[in-house]
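Those sequence lines, one after another, are chains A and B.
Be aware that the first sequence starts at 1, since it is given in the numbering used here, and climbs by one per residue.
Be aware that the second sequence starts at 109, since it is given in the numbering used here, and climbs by one per residue.
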Amino acid sequence: AQRVTQPEKLLSVFKGAPVELKCNYSYSGSPELFWYVQYSRQRLQLLLRHISRESIKGFTADLNKGETSFHLKKPFAQEEDSAMYYCALSAWDDKIIFGKGTRLHILP
Amino acid sequence: DTAVSQTPKYLVTQMGNDKSIKCEQNLGHDTMYWYKQDSKKFLKIMFSYNNKELIINETVPNRFSPKSPDKAHLNLHINSLELGDSAVYFCASSQDVTGTTEQFFGPGTRLTVL
């Protein structure tokens with residue numbers, strides 16, 4: 001079965017501390033993974049995708065096929081990082097399968 | 109006990125036809141959304157309803173009309189389908205409109221217009 005699991009519903013991190021939002025997936029094939037973000041009162045937006053290996057707003061995510069994970073990381077959290085983060089997988093039919101989301105709360 | 113369901117999951121139709129995609133959520137949420145996924149996996153919001161009232165209406169052709177018969181349903185009707193309407197459409201719901209509560213996404217409907 002194709003599935004995206006975000007084990008943490010809420011993650012609180014102090015400003016300046018490292019952030020890691022966990023994401024595990026289940027997919028029989030070569031997956032395409034993404035992270036989406038929704039800031040308070042803003043639209044859902046694509047944050048990054050694994051194929052482009054980019055760093056957006058200081059966030060990176062590496063696809064680990066052995067562990068079937070695509071954790072989102074940032075070395076130093078900033079207050080403006082507080083948001084809902086969704087891990088997602090693009091399936092064989094090009095549809096996106098979303099995780100349930102993790103709310104990241106940056107503490108001052 | 110599916111949270112957000114969409115029907116159909118796949119829809120293939122001819123240009124010029126009128127079609128509907130249905131969405132239902134059993135989470136008791138007040139807010140529902142329709143998104144269009146583009147080829148680069150960006151999700152563009154089309155409409156949002158809160159308690160059956162339209163609150164977001166992006167620049168979408170008039171051929172697209174959402175209908176919310178009750179809080180648990182938000183259907184998308186498309187008139188005179190065009191080739192460019194081919195895409196994956198996602199329905200989602202959340203507890204409120206603030207964006208501070210998580211969205212639950214449906215499985216998506218892949219629309220193919222021939």
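Think of the CB as a built atom: it goes at the ideal place given N, C-alpha and C, for glycine as much as any other residue.
Note that the structure is a prediction, hence the values are computed from the model and not measured.
Approximately 14 Å separates the beta-carbon atoms of Cys23(A) and Ser90(A); this is outside 8 Å, ruling out the contact.
Under the Cβ criterion of 8 Å, Ile153(B) is counted among the residues facing chain A. For Ile56(A) and Asp94(A), the gap between their C-alpha atoms comes out near 23 Å. Only Val205, Thr206, Gly207, Thr208, Thr209, Glu210, Gln211, Phe212, Phe213, Pro215, Gly216 and Thr217 from the stretch 203-217 of chain B bring a Cβ to less than 9 Å from some Cβ of chain A. The stretch 123-135 of chain B makes contact with the stretch 191-206 of chain B: 3 or more CB pairs, one atom from each, lie closer than 8 Å. Inter-residue distance for Phe172(B) and Ile186(B) is about 5 Å (C-alpha atoms, whole angstroms).
In this structure, Lys148(B) keeps its C-beta atom at 8 Å or more from the C-beta atom of Ile96(A). At least one CB of chain A lies nearer than 8 Å to the CB of Lys149(B). Assignment of Leu189(B) by DSSP, reduced to helix, strand and coil, places it in the coil class.
Residues of chain A whose Cβ lies closer than 9 Å to the Cβ of Gln145(B) are, in chain order, Asp94, Lys95 and Ile96. Annotated three-state conformation of Ser147(B) is coil, per DSSP. Burial check for Gly216(B): the Cβ neighbour count within 10 Å reaches 16 or more, so the residue is buried. A Cβ-Cβ separation of about 7 Å places Lys73(A) in contact with Ala61(A) under the 8 Å criterion. Apart from the 5 residues on each side of it in sequence, Ser176(B) sits with its Cβ closer than 6 Å to the Cβ of Tyr157, Lys160 and Leu182 in its chain, given in chain order.
Against chain A, a Cβ distance below 9 Å from Val196(B) picks out Asp93, Asp94, Lys95 and Ile96. If you keep only unbroken beta strand (DSSP E) runs of at least 3 residues inside the stretch 68-92 of chain A, you get 72-74 and 83-90.
Interface criterion not met: the Cβ of Lys65(A) is under 8 Å from no Cβ in chain B.
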